[in-house]
Amino acid sequence: MTDKPVLEPGPDHPITVTPNGNRVIVTVAGKVIADTRSALTLQEADYPPVQYVPLTDVDQSALERTSTETYCPYKGDASYYSITDGGDKSVDAVWEYQDPRDAVAAIKGHVAFYPSRVDSIDVEADGDRA
């Protein structure tokens with residue numbers, strides 16, 4: 012087996028994880044899959060920010076674990092879920108790092124959603140949709 016590279020965030024590839032005090036709602040097929048005020052925003056380099064939602068705030072009955080796995084040298088091994096109500100569009104729509112690297116340890120117990128594989132990821136500020 013090949014060794015997986017391990018990289019640390021730094022000036023050339025910064026990663027921050029910060030609490031998002033707003034309400035985050037994820038919908039699929041007209042159904043709320045996640046609703047939280049405890050999301051974390053992960054900002055990695057120049058990529059768009061990603062909302063990590065506590066798994067406890069996700070309708071886990073709508074998730075089905077898949078065999079898909081990916082690797083990020085900064086965050087570690089990711090595993091995936093499909094959202095059953097979303098059909099083919101929502102295959103491998105959700106990922107999590109069950110044992111994330113120390114630099115992003117805060118995302119443990121959280122999941123993220125591909126925006127293109129769900130209907131919406133709404134971030135509401137002060138009760139208004141942003």
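All residue numbers for the sequence shown refer to our numbering, where the first residue is 12 and numbers rise by one.
Even for Gly, the Cβ is constructed at its ideal location relative to N, Cα and C.
Bear in mind the structure is a predicted one, so any value in this text is a computation, not a measurement.
Asked, Found
"If Tyr-108 and Ala-89 are in contact, beta carbons under 8 Å, what's the gap, nearest whole angstrom?", "5 Å"
"Among Thr-79, Ser-78, Pro-59 and Lys-42, whose alpha-carbon lies nearest the alpha-carbon of Asp-70?", "Lys-42"
"For Phe-124 versus Val-102, is the C-beta distance shorter than 7 Å?", "no"
"Taking the alpha-carbon of Gly-97 as reference, which of Pro-84, Pro-111, Glu-75 and Gly-87 has the nearest alpha-carbon?", "Glu-75"
"Mapping DSSP to helix, strand and coil, what is Lys-42?", "strand"
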